[in-house]
Amino acid sequence: MADPAIAAKDALARTPLYDLHVAQGARIVPFAGYAMPVQYKGGIIAEHLHTREKAGLFDVSHMGQAVLSGIDAARKLETLVPADIAGLAPGRQRYTQFLDEKGGILDDLMVARLPGAEERLGLVVNAANKEADFAHLRARLPDLKLEVLADRTLLALQGAKAAEVLSQFLPGIETMAFMSWCEAEREGTRLFVSRSGYTGEDGYEISVPAEHASAFAARLLADERVALIGLGARDSLRLEAGLCLHGHDIDTTTSPIEAGLAWSIQKRRRQEGGFPGAGRIQNELAKGPARRRVGLELAGKAPAREGAEVTTRDGKPIGRLTSGGFAPSLGRPIAMAYVETTFAAPGTELNIIVRGTPLAARVVPMPFVPHRYFRG
Amino acid sequence: MSDVRYTKDHEYVRLDGDVATIGITDHAQSQLGDIVFVELPAIGKSLEQGGEAAVVESVKAASEVYAPLAGEVVEVNGALEGEPAKVNADPLGDGWFLKLKVKDKSQFDALMDEAEYNAFVATLG
Chain A
1004 MADPAIAAKD
1014 ALARTPLYDL
1024 HVAQGARIVP
1034 FAGYAMPVQY
1044 KGGIIAEHLH
1054 TREKAGLFDV
1064 SHMGQAVLSG
1074 IDAARKLETL
1084 VPADIAGLAP
1094 GRQRYTQFLD
1104 EKGGILDDLM
1114 VARLPGAEER
1124 LGLVVNAANK
1134 EADFAHLRAR
1144 LPDLKLEVLA
1154 DRTLLALQGA
1164 KAAEVLSQFL
1174 PGIETMAFMS
1184 WCEAEREGTR
1194 LFVSRSGYTG
1204 EDGYEISVPA
1214 EHASAFAARL
1224 LADERVALIG
1234 LGARDSLRLE
1244 AGLCLHGHDI
1254 DTTTSPIEAG
1264 LAWSIQKRRR
1274 QEGGFPGAGR
1284 IQNELAKGPA
1294 RRRVGLELAG
1304 KAPAREGAEV
1314 TTRDGKPIGR
1324 LTSGGFAPSL
1334 GRPIAMAYVE
1344 TTFAAPGTEL
1354 NIIVRGTPLA
1364 ARVVPMPFVP
1374 HRYFRG
Chain B
473 MSDVRYTKDH
483 EYVRLDGDVA
493 TIGITDHAQS
503 QLGDIVFVEL
513 PAIGKSLEQG
523 GEAAVVESVK
533 AASEVYAPLA
543 GEVVEVNGAL
553 EGEPAKVNAD
563 PLGDGWFLKL
573 KVKDKSQFDA
583 LMDEAEYNAF
593 VATLG
């Protein structure tokens, strides 16, 4: 077998928690230019299940954090994304996408309207795209101020016990609603907390000044319900939650409508347009897209991976997997694919071609594992 | 104790008479992480040395397992279908993959012994 060990870690950036990861037995891999933990000693399945049952702590400091501010910042950001940003109440957050002129997805991101009278928007973008995203913002919105928060670590605390754990340190944090945002202070440290995540579980993303990150993580880890979770389980958790991974399930070749993200484009924006690719997106909303992202459950035990061809039962090619793997909470393989809309209805029986062999699969609704967000 | 040899691709071979038991090493299972599926060849299939013998799927990825020796598949470990995690728990024991009737024992003698393999793994960092 080919050696899965990965060389050339030298040129990679490290997060402020790198030493903690190594001390906790992490296997470090390159990811988006960073040396990141893919798993710790317990392994991906144990970490995945721990997150669903208890509380998982993820270092997501490689992601890009920034504050965009200035006059009419919300309206101006709306020229780049299809979500209703102007309608975001202070302390609320939305999921959206940077679109190109064809309505393709340059990146997906979270936008929070920060509390206060001034228009300040907190952004969290993907690690692999952050430089391009920030360049895009500077080029397209030159009269706004973009402050990149490079000196802040981002931690995610996710899982059934996340609120109980975090409320010990930040009393009252358990009452925050899903997709809300607040600033909190702990022992003189300014934290930015959002109730959101990428696992389908209840939980938080917490922005901590880099110099306090290790101590903050250690305090959380002292709670026996909390364990560090690597990128491997982060991927299997988001796959079960039916959440898109940019560069895989969404990219410049896919529109938000094809991707099943129409819910993230609010009514006013659908009507008014005014974002890149609005013509295509309004057309797809009215007539339906030619293809759609679907969830697939495989009948057997062999996993199917990204890139595998999807066919009808009689062998006609109709699409391709964009993500696929073993779902630890379900004990079986699952996948996401884009297929022609005719074959996108739940219950449709299809095949996935793996190493030349057709494997039986069925279109199922997503998420594969129900979301457990805290709606208050 | 029967003689065990190793490849640079992290397969092991245990030879008893002219039957070779093949699997992946402890280093390999540890690098792969949780194993969720093993695709094994058909009994009677003729394998060439270095040819694809099996596929092992971890949570993250699929990896090919190559035949360390040429031979005919005489048995596969059916228990892995229900419990692929045996490969993680006991790679050199219950986690074996397949048995080959060996054509040429000199191929076995040319493989690394345990000390050589351990030294090789140490160079991988």
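Going down the list, the protein sequences come from chains A and B. The opening position of the first sequence corresponds to residue 1004 in the numbering used here, with each subsequent residue numbered one higher. The opening position of the second sequence corresponds to residue 473 in the numbering used here, with each subsequent residue numbered one higher. We treat Cβ as the ideally placed atom computed from N, Cα and C, and that holds for glycine.
- Scanning chain B for C-beta atoms nearer than 8 Å to the C-beta of residue 1108/A yields nothing, as the closest lies near 24 Å away.
- Membership of residue 1187/A in the beta strand (DSSP E) is indicated by the continuous run 1184-1189.
- With distances taken between CA atoms, residue 1022/A lies nearest to 1221/A out of 1047/A, 1200/A, 1221/A and 1357/A.
- In the structure shown, residue 1181/A adopts coil according to DSSP, grouped into three states.
- Residue 1042/A reaches chain B at 505, 506, 531 and 532, counting residues in chain order whose Cβ is nearer than 9 Å.
- Interface criterion met: the Cβ of residue 1235/A is under 7 Å from a Cβ in chain B.
- The Cβ atoms of residue 1209/A and residue 1158/A sit closer than 7 Å to each other.
- Taking C-beta atoms under 8 Å as the contact rule, residue 1276/A and residue 1082/A fail to qualify, at a distance of about 11 Å.
- Between the C-alpha atoms of residue 1148/A and residue 1268/A there is a straight-line separation of about 25 Å.
- Counted as a single uninterrupted DSSP element, the alpha helix (DSSP H) harbouring residue 1054/A occupies residues 1047-1056.
- Look at residue 1371/A: its C-beta is not under 7 Å from any C-beta on chain B.
- Under the three-pair Cβ rule at 8 Å, the segment 1299-1309 of chain A does not count as touching the segment 1103-1121 of chain A.
- Shown here, residue 1172/A sits in a helix according to DSSP, grouped into three states.
- The Cβ neighbour count for residue 1176/A, taken over all protein chains shown within 10 Å, is at least 16; the residue is labelled buried.
- Judged by beta-carbon spacing, residue 493/B lies within the 7 Å limit of residue 568/B, meaning their Cβ atoms are closer than that value.
- DSSP places residue 1031/A in the uninterrupted beta strand (DSSP E) bounded by 1030-1034.
- Non-local C-beta neighbours of residue 574/B in its own chain, meaning closer than 8 Å and more than five positions away in sequence, comprise 487, 490, 491, 492, 541, 542, 543 and 580, ordered along the chain.
- Residue 1313/A and residue 1266/A have their C-alpha atoms roughly 26 Å apart.
- Scanning 1093/A, 1342/A and 1250/A for the CA closest to the CA of residue 1035/A turns up 1250/A.
- In this model, residue 1093/A and residue 1079/A are separated by some 17 Å (Cα to Cα).
- Non-local beta-carbon contacts of residue 576/B in its own chain, meaning distances under 7 Å to residues more than five positions away in sequence, involve 542 in chain order.
- If you ignore the 5 residues before and after residue 1181/A, its C-beta comes within less than 8 Å of the C-beta of 1198, 1199, 1205, 1376, 1377, 1378 and 1379, all in its own chain and listed in chain order.
- Judged by DSSP secondary structure, residue 590/B falls within the alpha helix (DSSP H) whose first and last residues are 586-595.
- DSSP places residue 502/B in the uninterrupted alpha helix (DSSP H) bounded by 498-504.
- The CB of residue 1319/A never comes closer than 7 Å to any CB in chain B; the least such distance is about 25 Å.
- Residue range 483-488 is occupied by the beta strand (DSSP E) that includes residue 488/B.
- Residue 1019/A sits away from residue 1330/A, with the two beta carbons spaced by 7 Å or more.
- In its chain, beyond the 5 residues on either side, 539 and 542 have a beta carbon closer than 7 Å to the beta carbon of residue 520/B.
- What residue 527/B touches in chain A, judged by beta-carbon distance under 8 Å, is 1358, going in chain order.
- In this structure, residue 1059/A lies away from residue 1203/A, with their beta-carbon atoms at least 7 Å apart.
- Look at residue 1035/A: its C-beta is not under 7 Å from any C-beta on chain B.
- Inclusion of residue 527/B and residue 547/B in the CB contact set at 7 Å is not warranted, their separation being larger than that value.
- At a cut-off of 7 Å between beta-carbon atoms, residue 1048/A makes contact with chain B.
- Within chain B, the residues 508 and 531 have their CB atoms less than 7 Å from the CB of residue 1329/A, given in chain order.
- DSSP lists no beta-bridge partner residue for residue 1345/A.
- In the displayed model, residue 1042/A falls within a strand according to three-state DSSP.
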